[in-house]
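K.L.:
Provided herewith is a single structure, encoded as structure tokens, for subsequent inquiry.
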Amino acid sequence: MDHMKPAGFMGIVKALLANYRMVRVKPSLNLFLYHYLQKFKPIDLDGNLIIHSHLPPLNSKAYSRFVTEHLLRQSAGPSHAQIGLTNACPQNCLYCYNKNRRGQTMATAEILELIRRLKKMGVVWLGFTGGEPLLNKDIIEILESAGDDVTLKLFTTGCTLTKQLAADLRRAGLVYVSVSLDHWQERKHDEARRYPGAFQTALKAIEIFKGLGNVHLSVSSVLSRDMIRNGQVEEFLQFLIDLEVHEAWLSEAKPSVAAYWHKELVITEEERLKVCQLQDQYNQMGTITVNYLGHFEGREHFGCNAGHKMVYVDAFGELSPCVFTPMTFGNIREKSIETLFADMKRCFPSEGTCFINKNFELIHKYVRDDAIVSPEDSFALMREVQFEPRSRFFKLYYH
Ligand code: SF4
9 MDHMKPAGFM GIVKALLANY RMVRVKPSLN LFLYHYLQKF KPIDLDGNLI
59 IHSHLPPLNS KAYSRFVTEH LLRQSAGPSH AQIGLTNACP QNCLYCYNKN
109 RRGQTMATAE ILELIRRLKK MGVVWLGFTG GEPLLNKDII EILESAGDDV
159 TLKLFTTGCT LTKQLAADLR RAGLVYVSVS LDHWQERKHD EARRYPGAFQ
209 TALKAIEIFK GLGNVHLSVS SVLSRDMIRN GQVEEFLQFL IDLEVHEAWL
259 SEAKPSVAAY WHKELVITEE ERLKVCQLQD QYNQMGTITV NYLGHFEGRE
309 HFGCNAGHKM VYVDAFGELS PCVFTPMTFG NIREKSIETL FADMKRCFPS
359 EGTCFINKNF ELIHKYVRDD AIVSPEDSFA LMREVQFEPR SRFFKLYYH
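Position in the sequence shown (first residue = 1) + 8 = the working numbering.
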């Protein structure tokens with residue numbers, strides 16, 4: 009990790025001041041962000057001032073766009089998007105949220121056009137997922153097309169990664185990468201992925217990215233409810249500290265597919281808060297950044313922005329509120345992404361808690377033939393959803 013050093017709080021203050029437009033942001037939002045940033049020990053990686061990989065580096069063009077387009081202009085578009093670059097994957101996770109998605113895979117030209125439009129709509133953070141996104145042979149061209157005013161993140165199992173490909177990805181503009189690893193025991197990780205060798209593949213990919221030294225490296229992990237209940241998250245974090253990655257990107261297993269449509273597999277609010285507390289403790293120690301989705305997306309921070317500031321376009325062009333929601337609001341080949349998003353957003357006012365954790369039983373009711381919920385049914389379903397109050401950030405944002 010040659011190119012990394014702690015940024016120090018003054019480094020962050022300087023980066024924020026360099027974003028001089030921040031002074032025009034509502035004082036209440038600035039105060040919120042100030043308190044939020046204090047929960048982290050930012051790092052300077054190759055000149056990028058990084059809080060965690062869910063936000064663009066503070067001194068990046070993408071962050072400046074976030075300030076101008078979202079904090080100041082309150083653009084109606086999304087700030088965060090994920091795109092499925094392929095649905096193909098050699099691994100076969102029990103909890104895979106893409107398993108029941110089908111259709112005709114987007115061509116590279118369609119993906120390039122989609123990226124251009126998403127950026128125009130306001131996207132400043134763009135995640136590439138799959139399937140295994142490295143199986144898309146045009147991945148370098150796709151990353152290069154995005155430009156340097158959007159922050160790019162790759163989610164990968166590590167399958168097919170070589171040193172050359174990793175270096176090419178970095179050169180093409182990759183800032184953040186998350187390698188999937190769900191357990192510190194090889195057998196348990198391979199079992200969850202239903203792929204012998206998954207653990208070793210991930211470790212090899214981690215070593216390759218570490219070797220580059222200038223890409224922000226996290227491990228993305230799906231925590232089972234049992235791990236959270238049995239206090240095993242700490243043991244897992246120690247394993248990640250020993251691996252010397254920058255960040256632990258954590259989420260709990262989401263009830264996105266039939267195997268997880270059981271109340272006893274979905275975490276409780278107390279369990280979410282337990283992981284949030286762990287995050288705050290670890291981040292104050294500063295050995296590794298812990299970035300748990302339930303912390304970022306908790307009601308006390310930014311809440312759930314599925315379909316509001318977050319969108320997912322799967323490998324077939326279907327638009328979903330987020331990667332974990334097995335619903336489509338239409339296909340980008342049939343209507344423009346702008347129209348599809350506007351129609352979907354009318355159903356999603358943003359709220360304090362996770363949409364999928366709260367509504368999976370309702371979604372289950374609408375699923376037919378193991379496919380994701382169709383656009384007609386998605387709109388019908390949304391009429392039954394009761395939304396909770398918005399998160400702390402969005403209450404201030406819209407006040
Ligand atoms: S539904 Fe859950 S996982 Fe999806 S954006 Fe909302 S909080 Fe995040």
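Ideal Cβ placement from N, Cα and C applies to all residues, glycine included.
Which word fits leucine 301, buried or exposed, when buried means at least 16 other C-beta atoms lie within 10 angstroms of its C-beta?
P.N.:
buried
K.L.:
Is cysteine 312 helix, strand or coil by DSSP?
P.N.:
strand
K.L.:
Report back the beta-carbon spacing between methionine 371 and methionine 335 to the nearest angstrom; my notes put them in contact at under 8 Å.
P.N.:
Reading off the sequence, residue 371 comes out as isoleucine, not methionine. With a Cβ gap of about 7 Å, isoleucine 371 and methionine 335 count as contacting.
K.L.:
Hey, out of Asp176, Ser186, Arg178, Lys403, whose CA is closest to leucine 162's CA?
P.N.:
Ser186
K.L.:
Put methionine 418 into one of helix, strand or coil per three-state DSSP.
P.N.:
It is not possible to answer for residue 418, since the shown part of the chain is limited to 9 through 407.
K.L.:
Taking 8 Å as the threshold (C-beta atoms), are serine 229 and alanine 256 in contact?
P.N.:
yes
K.L.:
With a threshold of 7 Å (Cβ to nearest heavy atom), would phenylalanine 395 be considered close to the ligand SF4?
P.N.:
no
K.L.:
Looking at the ligand SF4, does it come within less than 7 Å of methionine 293, judged from the CB to the closest heavy atom?
P.N.:
The closest heavy atom of the ligand SF4 lies 7 Å or more from the beta carbon of methionine 293.
K.L.:
Check whether the Cβ of lysine 161 sits closer than 7 Å to any heavy atom of the ligand SF4, and report yes or no.
P.N.:
Lysine 161: no, Cβ never under 7 Å from the ligand SF4.
K.L.:
If you measure from the CB of isoleucine 236, is any heavy atom of the ligand SF4 nearer than 7 Å?
P.N.:
no
K.L.:
Taking 7 Å as the cut-off, is the beta-carbon of alanine 261 closer than that to any non-hydrogen atom of the ligand SF4?
P.N.:
no
K.L.:
Which one of Asn222, Ile91, Tyr28, Asp250 has the shortest CA to CA distance from glutamate 118?
P.N.:
Ile91
K.L.:
Could you check whether the Cβ of proline 98 sits closer than 8 Å to any Cβ belonging to chain D?
P.N.:
Checking the listed chains, one finds no chain D in this structure; it contains a single protein chain.
K.L.:
Does the Cβ of isoleucine 123 lie closer than 7 Å to at least one heavy atom of the ligand SF4?
P.N.:
no
K.L.:
Is isoleucine 150 near the ligand SF4, going by C-beta to nearest heavy atom under 7 Å?
P.N.:
Isoleucine 150 Cβ: outside cutoff for every heavy atom of the ligand SF4.
K.L.:
Among Asn313, Thr333, Val183, Phe337, which one has its Cα closest to the Cα of threonine 361?
P.N.:
When only C-alpha atoms are compared, the closest one is Asn313.
K.L.:
Could you tell me whether the Cβ atoms of threonine 137 and phenylalanine 324 are closer together than 8 Å?
P.N.:
no
K.L.:
Is it buried or exposed, serine 68, if we count other Cβ atoms within 10 angstroms and call 16 or more buried?
P.N.:
buried
K.L.:
Can you tell me whether glycine 219 is buried or exposed? The criterion is at least 16 other CB atoms within 10 Å of its CB, across all chains shown.
P.N.:
exposed
K.L.:
Taking 8 Å as the threshold, find out whether the stretch 181-198 comes into contact with the stretch 207-214 through three or more Cβ pairs.
P.N.:
yes
K.L.:
Given a threshold of 16 other Cβ atoms within 10 Å of its Cβ, counted over all protein chains shown, does glycine 239 qualify as buried or as exposed?
P.N.:
By the C-beta density criterion, glycine 239 is exposed, having fewer than 16 other C-beta atoms within 10 angstroms.
K.L.:
In chain order, what are the residue ranges of uninterrupted beta strand (DSSP E) at least 3 long that sit wholly in the stretch 117-169?
P.N.:
133-137, 159-164
K.L.:
CB-CB under 6 Å to glutamate 308, same chain, minus the five flanking residues each way: which ones, in chain order?
P.N.:
Arg400
K.L.:
Using the C-alpha atoms, what's the distance from threonine 94 back to phenylalanine 310?
P.N.:
29 Å
K.L.:
I think cysteine 330 touches histidine 303, with their Cβ atoms under 8 Å apart; what is that distance to the nearest whole Å?
P.N.:
Not quite, the Cβ-Cβ distance comes to about 16 Å (not below 8 Å), so this is no contact.
K.L.:
When you compare each of Ile148, Arg202, Tyr184 to lysine 176 by their alpha carbons, which one comes out closest?
P.N.:
Going by the sequence as given, residue 176 is aspartate instead of lysine. When only C-alpha atoms are compared, the closest one is Ile148.
K.L.:
Can the beta-carbon of glutamate 260 be found closer than 8 Å to that of arginine 233?
P.N.:
yes
K.L.:
Can you tell me whether threonine 361 is helix, strand or coil according to DSSP?
P.N.:
Residue state, collapsed to three classes: coil.
K.L.:
What is the residue span of the beta strand (DSSP E) that glycine 92 lies within?
P.N.:
88-92
K.L.:
Measure the CB-CB distance between glycine 130 and glutamate 77 and report whether it falls below 8 Å.
P.N.:
yes
K.L.:
What beta strand (DSSP E) runs, 3 residues minimum, are completely inside the stretch 178-223?
P.N.:
182-188
K.L.:
Just tell me which of Leu327, Gly315, Glu215, Pro64 has its CA closest to the CA of proline 357.
P.N.:
Gly315
K.L.:
Would you say the beta carbon of isoleucine 147 is closer than 7 Å to some non-hydrogen atom of the ligand SF4?
P.N.:
Exclusion of isoleucine 147 from the 7 Å shell around the ligand SF4 follows from its C-beta lying no nearer than that to any non-hydrogen atom of the ligand.
K.L.:
By how many angstroms is the C-alpha of alanine 115 removed from the C-alpha of isoleucine 380?
P.N.:
Rounded to whole angstroms, isoleucine 380 to alanine 115 spans 21 Å at the Cα level.
K.L.:
Do three or more CB pairs link the stretch 94-109 to the stretch 139-153 at distances below 8 Å?
P.N.:
Short answer: they touch.
K.L.:
Taking DSSP as the reference, what is the three-state secondary structure of threonine 336?
P.N.:
coil
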